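Below is one structure, written out as structure tokens; the observations come after it.
Residue numbers (this note's numbering): 6 to 367.
Here it is in structure tokens:
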């Protein structure tokens, strides 16, 4: 058995800006597990800094090496792995990197594509696009290009002081009927109620995570004060937290990011819970390479997921990916890989080129 961490840096085609800051490259950790003739892969969705959550690449690697590696020594099933590391509080992204590695391994062991191994599958994922903060004319042009290319939904990042200028020009460019949403990335408080209420006139599909990253109570209050539906992202870290948000009527949509909720086991529980309570779900992304993106597409293909997500084709972000068979989109849809597991083929030559460090963990 062998477990390797590849630390890589992939330049982004276009810098990606949010209320947190701007990224020009994707600093990724790719994990490779070899056992019994099977090679499985996963990707940690952490990045260089603790901006989206308290986790970053350094904390995730520390937790994985010191506390989680031992728990995968016998390659348990994903749900068994999570039970065995319950004593490690938090660090969902670190746990997810190992949990999804096990999903790929066991799906390959079963000879099934991951999207079918997870349960009832549509075999495809509807695709939306997330556009970072930039000059408003540039954002308008990118939104129009996205519509022309066939994306099912456009989402634009906003931040305090720029919300109306961004939404107004983008809405003008794509028309009043095309599905448009905004992502605030926690940049507002209830003191900004008039600003947030002003967005109602744009007929948005939803506003994503306008308030604090771990808040549910104020989001429930905000939901009663504005017409635009609320989507929760950072606030949903588990099925338990999702159940509380649903009970408090804090959201109409949930963005499920496997890394944020400790992997695919919890992701599927949240998706099923949401379906039972008439809450819409979609699958978000964290600028993953083709490795992490393959897990997102597999999850987004589930019959429990009912809204277009952020899993754009790989060429949206990277001129060259570390997989040889990056996803292609046709009419706003990406077909799930039908090869065993996540179905990717690693471009080992390019992986070595972008690799900053290679660390053997087992």
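Where a beta carbon is used, it is the ideal one built from N, C-alpha and C, also for glycine. Keep in mind the model is a prediction, meaning the values are calculated, not measured.
So which of the options has the shortest CA-CA distance to residue i?
i           : options               : result
residue 253 : 223, 269, 267 and 264 : 223
residue 272 : 324, 133, 326 and 307 : 307
residue 328 : 296, 206 and 205      : 296
residue 239 : 98, 21, 13 and 46     : 98
residue 188 : 178, 218, 122 and 199 : 218
residue 264 : 19, 16, 20 and 34     : 34
residue 28  : 171, 320 and 16       : 16
residue 320 : 226, 305, 314 and 293 : 293
residue 181 : 161, 203 and 208      : 208
residue 46  : 69, 168 and 107       : 107
residue 305 : 126, 8 and 9          : 126
residue 19  : 361, 364 and 322      : 322
residue 111 : 88, 129, 132 and 79   : 79
residue 345 : 303, 309 and 315      : 303
residue 62  : 14, 75 and 365        : 14
residue 109 : 364, 366 and 343      : 343
Taking buried to mean at least 16 other C-beta atoms within 10 Å of its own C-beta, is residue i buried or exposed?
i           : result
residue 58  : buried
residue 357 : exposed
residue 92  : exposed
residue 205 : exposed
residue 260 : buried
residue 186 : buried
Pull up the DSSP beta-bridge partners for residue i, would you.
i           : result
residue 237 : 259
residue 338 : 131 and 335
What number of angstroms, rounded off, separates the C-alpha of residue i from the C-alpha of residue j?
i           : j           : result
residue 4   : residue 338 : Residue 4 is absent from the structure shown; the chain starts at 6 and stops at 367.
residue 214 : residue 41  : 43 Å
residue 250 : residue 325 : 39 Å
residue 269 : residue 332 : 20 Å
residue 277 : residue 157 : 23 Å
residue 100 : residue 301 : 16 Å
residue 4   : residue 114 : What the structure shows of the chain is the stretch from 6 to 367, and residue 4 is not part of that stretch, so it cannot be assessed.
residue 154 : residue 318 : 11 Å
residue 228 : residue 216 : 11 Å
residue 190 : residue 31  : 19 Å
residue 257 : residue 353 : 42 Å
residue 86  : residue 48  : 17 Å
residue 200 : residue 159 : 21 Å
residue 350 : residue 161 : 32 Å
residue 70  : residue 21  : 30 Å
residue 287 : residue 361 : 33 Å
Tell me, please, whether the CB atom of residue i is closer than 8 Å to any CB atom in chain B?
i           : result
residue 151 : The question asks about chain B, but that chain is absent: this structure has only one protein chain.
The region 136-145 contacting the region 170-183, beta-carbon criterion three pairs below 8 Å: yes
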